[in-house]
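Asker: Numbering (this note's numbering), first residue to last: 14 to 270.
We put the CB at the ideal spot given by N, CA and C, even for glycine.
Predicted model, so just to flag it, every value in this text is computed and none were measured.
A single structure is presented below for examination.
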Amino acid sequence: MTSQENYVAYQTIIRKEVVRFMRIWTQTLLPPVITQTLYFIIFGKFIGSQIGGINGISYMSFIVPGLVMMAIINNSFANVVSSFFGAKFQRSVEELLVSSTPHWIILAGYVSGGVLRGVVVGTLVFIVSFFFTVPHIYHPFLIIVFMVLTSILFSLGGFINAIFAKKFDDVAIFPTFILTPLSYLGGVFYSIHSLPEVWQNLSKLNPILYMINGFRYGFYGISDVNVSVSILILITLIIILAVYSLDLLKKGTGLRS
């Protein structure tokens, strides 16, 4: 395929993805915003008023980056895993596989759709946060970097999950038993410096900790971990998952019966 044909194929996949989640926005965009709003009310207002501040920042302001990032993670992952598994279940993905569309275009299209949904939901949650506090922005470039890189990473994760899923129940296993616990233990609601040393060291094995803290650094200039290390970890994981995803597509794992 020529570069123009590749672009058309990429654009078509993205358009399909955007139309899909925008058409059912009451199921894809509204629920996560409502959920995060409840977190703001329960944790920020009720519990936060008893806690006070963390590192000189009000508790409500402290949890804003974590809740925004959690929304980005969940929705980037959910968009790709549901969309690609749906295409696989309906066997429409076979049309892509037998076409001359390169595997990297297929992957890039689905991942871009996940990134767009993640960024849209994250932005909506950030806007909602202004009803409760006024977050500061210390480094806007880093905010964008962590938002985009995290969306890419979990879109790739959703793609791999969809490839291996054999039934609809398999789509929910990873988010329920792995993604959600890691998110809650990734420093969304607390600083790991408040934990005993052994738990601080264990927390540093959680990759989501680096994403949330890097994102928080973009707002307030504070982080429990080195921001450069966080970016390096994100880029490394993205490369690993992208290469693995392309290899799975090339082999037709879980796609060809």
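#1: Since residue 228 and residue 78 are thought to touch, with beta carbons under 8 angstroms apart, how far apart are those beta carbons, to the nearest angstrom?
#2: With a cut-off of 8 angstroms, do at least 3 Cβ pairs link the segment 103-113 to the segment 176-184?
#3: Less than 8 angstroms between the CB atoms is what I'm expecting for residue 145 and residue 57, so what's the real figure, rounded?
#4: Would you check if the segment 236-254 and the segment 82-102 touch, i.e. whether three or more CB-CB distances between them fall below 8 angstroms?
#5: Distance, Cα to Cα, residue 42 vs residue 73?
#6: Residue 69 by DSSP, collapsed to three states: which one?
#7: Among residues of its own chain, excluding the 5 on either side of residue 152, which ones have a beta-carbon nearer than 6 angstroms to its beta-carbon?
#8: Give every residue of the same chain whose Cβ lies closer than 6 angstroms to the Cβ of residue 278, excluding the five residues on either side of it in the sequence, and list them in chain order.
#9: Are the segment 239-247 and the segment 203-223 in contact at 8 angstroms, needing three or more beta carbon pairs?
#10: Quick one: Cα of residue 91 to Cα of residue 71, how far?
#11: Roughly how many angstroms separate the alpha carbons of residue 22 and residue 28, rounded to a whole number?
#12: Pick out whichever of 257, 137, 130 has its Cα sitting closest to the Cα of residue 34.
#13: If residue 119 sits next to residue 262, beta carbons under 8 angstroms apart, how far is it from one beta carbon to the other, in whole angstroms?
#14: Please state the DSSP three-state secondary structure of residue 234.
#15: Return the first residue and the last residue of the alpha helix (DSSP H) that residue 116 is part of.
#16: Is the CB-CB distance between residue 168 and residue 85 below 7 angstroms?
#17: To the nearest angstrom, report how far apart residue 113 and residue 15 are at their CA atoms.
#18: My guess is that residue 201 and residue 83 are in contact by the Cβ rule of under 8 angstroms, so how many angstroms apart are they, rounded?
#19: Among the candidates 242, 198, 125, whose CA atom is the shortest distance from the CA of residue 215?
#20: To which residues of the same chain is residue 142 closer than 8 angstroms at the C-beta, ignoring the five residues directly before and after it?
#21: How many angstroms separate the CA atom of residue 239 from the CA atom of residue 225?
#22: Evaluate residue 233 with the Cβ neighbour count: other Cβ atoms within 10 Å of its Cβ, from every protein chain shown; 16 or more gives buried, anything less gives exposed.
#23: Report the rounded CA-to-CA distance for residue 97 versus residue 267, giving the unit in angstroms.
#24: Looking only at its chain, what residues have a beta carbon closer than 8 angstroms to the beta carbon of residue 116, apart from the 5 residues adjacent to it on each side?
#25: Could you give the distance in angstroms between the alpha-carbon of residue 205 and the alpha-carbon of residue 121?
Answerer: In brief:
#1: Right, the Cβ-Cβ distance comes to about 5 angstroms (below 8 angstroms), so this counts as a contact.
#2: The count of Cβ pairs closer than 8 angstroms, one atom from the segment 103-113 and one from the segment 176-184, stays below three, leaving the stretches out of contact.
#3: Rounded, the Cβ-Cβ distance is 6 angstroms, consistent with contact.
#4: By the criterion of at least three beta-carbon pairs nearer than 8 angstroms, the segment 82-102 is not in contact with the segment 236-254.
#5: Taking the straight line from one Cα to the other gives about 23 angstroms.
#6: Three-state DSSP puts residue 69 in coil, outside helix and strand.
#7: Cβ within range, chain order: 231.
#8: The requested residue 278 does not occur in the structure, where the chain is confined to residues 14 to 270.
#9: Short answer: they touch.
#10: Each residue's alpha carbon lies about 31 angstroms from the other.
#11: So the alpha carbons of these two residues sit roughly 10 angstroms apart.
#12: When 257, 137, 130 are compared, the shortest CA-CA separation from residue 34 is found for 130.
#13: In this structure residue 119 is in contact with residue 262, their Cβ atoms being roughly 7 angstroms apart against a cut-off of 8 angstroms.
#14: Residue 234: coil per DSSP, three-state reduction.
#15: Element bounds for residue 116: 116-142.
#16: Taking 7 angstroms as the Cβ cut-off, residue 168 and residue 85 do not qualify as a contacting pair.
#17: Take the alpha-carbon of residue 113 and the one of residue 15: they are about 10 angstroms apart.
#18: Beta-carbon to beta-carbon, residue 201 and residue 83 are separated by about 6 angstroms, close enough to satisfy the 8 angstroms threshold.
#19: In this structure, 198 is the residue among 242, 198, 125 with its C-alpha nearest to the C-alpha of residue 215.
#20: Here the set comprises 53, 77, 80, 81, 148.
#21: Rounded to whole angstroms, the separation of the alpha carbons of residue 225 and residue 239 is 12 angstroms.
#22: Under this definition residue 233 is a buried residue.
#23: Between residue 97 and residue 267, the C-alpha separation is close to 12 angstroms.
#24: Hits under 8 angstroms: 259, 262, 263.
#25: Going by the C-alpha atoms only, they are around 35 angstroms apart.
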